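Remarks on the structure that follows.
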Amino acid sequence: MLSCKEASALESKSLDAPLTQRERFGLWLHLRFCRLCRRYVRDLHFLRHAFRRARENGGLADHAGLSEAARERIRRVLSGEEVQ
Amino acid sequence: MTTLSDPADWLDLYGDTLYRYALFRIHDEQLAEDLVQETLLAALKASERYTGNASEKTWLIGILKHKIIDLFRKSSHETAENVDDEAIYQSMEACFDEQGHWQIDIGKWSRPEKALEQEQFWRVLSDCVERMPPRLARLFVLREIEGMESDEVLEIMQVSTTNNLWVMLSRMRLQLRNCLDVHWFHKSTG
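Residue numbers (my numbering), protein chains in the order written: chain A, 2 to 85; chain B, 107 to 296.
Have a look at this one:
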């Protein structure tokens, strides 16, 4: 029987690659008996879901945008470039 | 064919969008500002090659994305593969006892779906990523935020084997899970 440590690694790996049949079976068996790992799986899927959502949102809406100073600096650089 | 708007307006139209996009991935304000500047400069130079297939905004974000990947690629040459790993290895080890059983409390998260609707949650999530060792954070950004496949991430970040990559991602996810547990779920339910 897999330990929780081994199972948690496989749970994560399953988000990156297909598991072998042996790994899948081992994980399935472990999860049948382990409530904590079932929770951990749920948490991992939630993380994946949250980051996917973050990607769609294009970052944090409540992050301030460019500071005035940065904006001014970039504007100067850009206009210098346009003149050339 | 779609034509571009006046480049002089790009900064006002897309500056904040580009900045937030960069900041969410690299967690460094100075660097994010520089990337916005470089992106707009590159766009200015490449404007005659704009095909109109993508919207102006998508086109600019595409340029920025390439710049971020280049930056990650360069940084991966500067940091040895295992430099950051020790700390994260130790904190992972601390989660399990000698038999490999959980020795931290994997408490049930109440209504995680609801968290996604709260602005503050995203801030906490972003802070949790920022707390990770830089190399792992970048690796994670490519895999989970950019949604790149393992072999692309492997190549950009110069990870020696896919197995190493999976191990790093696994430790990173465990850390993030625990970070959210402490700083969000535990807090808001407790």
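Even for Gly, the Cβ is constructed at its ideal location relative to N, Cα and C. If you're wondering where the values come from, they're calculated on a predicted model, not measured in any experiment.
| query | Going along the chain, which residues of the segment 188-220 of chain B sit with their C-beta nearer than 7 Å to a C-beta in chain A? | reply | Correct list: Phe202, Gln205, Gly206, His207, Trp208, Ile212, Lys214, Trp215, Pro218.
| request: Could you tell me the distance, in whole angstroms, from the CA atom of B/Ala138 to the CA atom of B/Ser216? | output: Within the second sequence, residue 138 of chain B is the residue found at index 32, counting from 1. Within the second sequence, residue 216 of chain B is the residue found at index 110, counting from 1. Taking the straight line joining both Cα atoms gives about 35 Å.
| said: Rounding to the nearest angstrom, what Cα-Cα distance links A/Val84 and B/Glu135 in this structure? | reply: As a first step, residue 84 of chain A is located in the first sequence; it is residue number 83 there, counting from the start. As a first step, residue 135 of chain B is located in the second sequence; it is residue number 29 there, counting from the start. Its pLDDT being 49, under 50, A/Val84 is placed unreliably by the model, and nothing is read from it.
| query | Counting only beta-carbon atoms, is B/Tyr120 nearer than 8 Å to chain A? | reply | Your numbering for residue 120 of chain B matches position 14 in the second sequence. No, because no Cβ of chain A sits closer than 8 Å to the Cβ of B/Tyr120.
| Considering only residues of the same chain and omitting the five flanking positions on each side of B/Thr145, which have a CB-CB separation below 7 Å? | Translated into the one-based positions of the second sequence, residue 145 of chain B becomes position 39. Leu124, Leu166, Ile169, Leu170, Lys173, listed in sequence order.
| said: Which complete alpha helix (DSSP H) runs does the segment 177-241 of chain B hold, if anything under 4 residues is left out? | reply: DSSP assignment within the segment 177-241 of chain B yields the following whole alpha helix (DSSP H) runs of 4 residues or more, N-terminal first: 191-199, 218-221, 225-237.
| field | Supposed contact pair A/Leu48 and B/Arg279 - C-beta distance, whole angstroms, cut 8 Å | value | Walking along the second sequence from the start, residue 279 of chain B turns up at place 173. Walking along the first sequence from the start, residue 48 of chain A turns up at place 47. The Cβ separation is near 6 Å, so the contact holds.
| task | Grab me the residues of B/His289's own chain with a C-beta within less than 8 Å of its C-beta, minus the 5 sequence neighbours each way, in chain order. | result | Start at 1 with the first residue of the second sequence, and residue 289 of chain B comes out as number 183. Val230, Asp233, Cys234.
| message | Output needed in chain order: residues of the segment 274-285 of chain B with a Cβ under 9 Å from some Cβ in chain A. | response | Leu275, Ser276, Arg277, Met278, Arg279, Leu280, Leu282, Arg283
| Close Cβ partners of B/Lys163 (< 7 Å) along its chain, the five nearest in sequence each way excluded | Here residue 163 of chain B refers to the residue found at position 57 when the second sequence is read from its first residue. The residues are Tyr120, Thr123.
| said: For the alpha helix (DSSP H) containing B/Ile262, name the first residue and the last one. | reply: Translated into the one-based positions of the second sequence, residue 262 of chain B becomes position 156. From DSSP, the alpha helix (DSSP H) with B/Ile262 extends over 256-262.
| Can the beta-carbon of A/Arg33 be found less than 8 Å from the beta-carbon of B/Lys214? | On the first sequence, position 32 is the one that residue 33 of chain A refers to. On the second sequence, position 108 is the one that residue 214 of chain B refers to. No, these two residues do not count as a Cβ contact at 8 Å.
| said: For a cutoff of 8 Å on Cβ pairs, would you count B/Trp165 as touching chain A? | reply: To locate residue 165 of chain B, count along the second sequence from 1; it is residue 59. With 8 Å as the cut-off, B/Trp165 does not count as an interface residue toward chain A.
| Contact set between A/Gly59 and chain B, taken where Cβ atoms lie within less than 7 Å | Counting from 1 along the first sequence, the entry for residue 59 of chain A is found at position 58. Ordered by position in chain B, the residues that pass the 7 Å Cβ test against A/Gly59 are Thr123, Arg126, Tyr127.
| query | Is there a Cβ from chain B that is less than 8 Å from the Cβ of A/Leu49? | reply | Within the first sequence, residue 49 of chain A is the residue found at index 48, counting from 1. One point to set straight first is that residue 49 of chain A is Arg, not Leu, in the sequence displayed. Closer than 8 Å to some Cβ of chain B, the Cβ of A/Arg49 qualifies, so yes.
| field | Own chain, CB closer than 7 Å to A/Leu45, minus 5 neighbours either side, in chain order | value | Indexing the first sequence from 1 puts residue 45 of chain A at position 44. Cβ-Cβ distances below 7 Å link A/Leu45 to Glu12, Ser13, Leu16 in the same chain, with the five nearest sequence neighbours on each side left out; the list follows chain order.
| request: Anything in the segment 10-43 of chain A with a Cβ closer than 7 Å to a Cβ of chain B? List those residues in chain order, please. | output: Among the residues of the segment 10-43 of chain A, those with a Cβ less than 7 Å away from any Cβ of chain B are Ala10, Ser13, Lys14, Asp17, Ala18, Leu37, Arg40, Tyr41, in the order of the chain.
| query | In terms of residue numbering, what span does the alpha helix (DSSP H) encompassing B/Thr268 cover? | reply | Working through the second sequence from its first residue, we reach residue 268 of chain B at position 162. Run containing B/Thr268: 268-286, per the alpha helix (DSSP H) assignment.
| query | Of all the alpha helix (DSSP H) runs that stay within the bounds of the segment 108-176 of chain B, which reach a length of 4 or more residues? | reply | Restricting attention to alpha helix (DSSP H) runs no shorter than 4 residues, the segment 108-176 of chain B encloses them at 113-132, 135-152, ordered along the chain.
| said: Give me the subset of the segment 132-158 of chain B whose CB atoms are less than 7 Å from a CB atom of chain A, sorted by chain position. | reply: Glu139, Val142, Gln143, Leu146, Leu147, Leu150
| task | Could you give the DSSP three-state label for B/Thr295: helix, strand or coil? | result | Mapped onto the second sequence, residue 295 of chain B falls at position 189. Residue confidence for B/Thr295 is low, a pLDDT of 47 falling below 50, so the modelled location carries little weight; the figure read from the coordinates is stated next. Helix, per DSSP.
| task | Report the residue from A/Met2, A/Lys6, A/Asn58 whose alpha carbon sits nearest the alpha carbon of A/Arg23. | result | In the first sequence, counting from the first residue as 1, residue 23 of chain A sits at position 22. That would be A/Met2, whose Cα lies nearest to the Cα of A/Arg23.
| In angstroms, rounded to a whole number, what distance separates the CA positions of B/Gly296 and B/Val265? | Sequence index remark: in the second sequence, residue 296 of chain B carries index 190 (1-based). Sequence index remark: in the second sequence, residue 265 of chain B carries index 159 (1-based). Here the model assigns B/Gly296 a pLDDT of 43, short of 50, so the residue's position is not dependable, and the following value carries that caveat. Answer to the nearest angstrom: the Cα atoms are 40 Å apart.
| query | A/Ala51 and B/Leu222 look like a contact to me (Cβ under 8 Å); what is the Cβ gap, rounded to whole Å? | reply | Numbered from its first residue, the first sequence carries residue 51 of chain A at position 50. Numbered from its first residue, the second sequence carries residue 222 of chain B at position 116. Contact holds; Cβ gap of about 6 Å.
| task | Return the CA-CA distance between A/Gly81 and A/Ile75, expressed in angstroms with no decimal places. | result | Taking the first residue of the first sequence as position 1, residue 81 of chain A is located at position 80. Taking the first residue of the first sequence as position 1, residue 75 of chain A is located at position 74. Straight-line Cα distance between these residues: approximately 10 Å.
| task | Confirm, please, whether the CB-CB distance from B/Ile194 to B/Arg131 is below 8 Å. | result | Position 25 of the second sequence, counting from 1, holds the residue named residue 131 of chain B. Position 88 of the second sequence, counting from 1, holds the residue named residue 194 of chain B. Cβ distance not < 8 Å, so B/Arg131 and B/Ile194 don't count as in contact.
| field | For A/Asp44, the three-state DSSP class (helix, strand or coil) | value | Residue numbering aside, residue 44 of chain A sits at position 43 when the first sequence is read from its first letter. Helix.
| field | Candidates B/Glu261, B/Cys285, B/Ala128, B/Asp211: closest to B/Met238 by CA position | value | Here the question's residue 238 of chain B lines up with position 132 in the second sequence. Nearest of B/Glu261, B/Cys285, B/Ala128, B/Asp211 to B/Met238, Cα basis: B/Cys285.
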